Structure formats: structure tokens, C-alpha cells
Amino acid sequence: MIRNVVVGVVHPGVTTDKVEEALQALRDLRVDGLELRLVAGQDRGLRPGNASYALTVDFASDDDYRRYDRDPEHNRIREELFAPISSSIQRIQFELPD
1 MIRNVVVGVV HPGVTTDKVE EALQALRDLR VDGLELRLVA GQDRGLRPGN
51 ASYALTVDFA SDDDYRRYDR DPEHNRIREE LFAPISSSIQ RIQFELPD
């Protein structure tokens, strides 16, 4: 099992509604043949200096992650919804223990 973690920081002045719109688009995303287990949310502001949003998606295999990463709708969401609002986006994929 592979877990993809994404952590982003938004530009100053970006509203929480704009962030939620982008996150909801990923929550609603369906990729044929893949079961996506995506959890996403905005920072609660409990510590200064935190990122603005984070999401995790679990995949059965590296190949499933690659299919998700290449999906045209996924890339549209990244380019049209996340790129304009984000000053920084960091990602990591790691294997979950059995």
C-alpha cells in the first residue's frame, strides 16, 4: 500500500472558500479502475507557521499512483485550482507497513 501526502501553503489573501473548492474537486475525483481513499482538509490554525492544507491518498501499488498522477482530470484540478492559489506544494509517497 502506498500513501501519497501533499502539503500546501496558499498565497496571502486566498480565501478558505477557494481552498475548499480545490480540495472538494479532489474529493470528488474518480479515476476509472482505481479505488481512491482520499482525505483532505484545511489547517485548523492551532500552531503558527503551519501549512494551509493537506491531503492523503492511499493506493494499492506504485502503478496505481502513477495512473492517478497522469489522469487528465487530476492534472486539470492541479493546474487550474491548486497552482493559482498555492505558493508551495510538497509531496511524498511512501510504503505503508503491512
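The UniProt record's numbering puts the first residue of the sequence shown at 1, with every later residue one more than the last. Where is the CB? At the ideal position from N, CA and C, for every residue including glycine. These numbers come from a predicted model, not from an experiment.
Same chain, Cβ closer than 7 Å to residue i, neighbours up to 5 away in sequence not counted
i: Ile-89; result: Val-6, Gly-8 and Phe-82
i: Arg-78; result: none
Sequence-distant residues of the same chain with beta carbon closer than 8 Å to residue i, five excluded per side
i: Leu-23; result: Ala-40, Gly-41, Gln-42, Tyr-53 and Leu-55
Reference residue i, options the options, closest by Cα
i: Lys-18; options: Arg-3, Leu-29, Glu-80 and Asp-62; result: Glu-80
i: Ala-25; options: His-74, Glu-95, Gly-13 and Ile-85; result: His-74
i: Gly-49; options: Asp-98, Val-10 and Thr-16; result: Val-10
i: Asn-4; options: Glu-21, Asp-62, Leu-29 and Arg-44; result: Asp-62
i: Glu-21; options: Leu-34, Pro-84 and Glu-35; result: Pro-84
Residues of its chain near residue i, where Cβ-Cβ distance is below 6 Å and the 5 sequence neighbours each way are ignored
i: Val-31; result: Tyr-68 and Asp-71
i: Arg-37; result: Asp-58
*Pick out the complete alpha helix (DSSP H) segments inside the UniProt domain "Stress-response A/B barrel" (2-94), 4 residues or longer, and give them in chain order.*
16-28, 62-70 and 72-77
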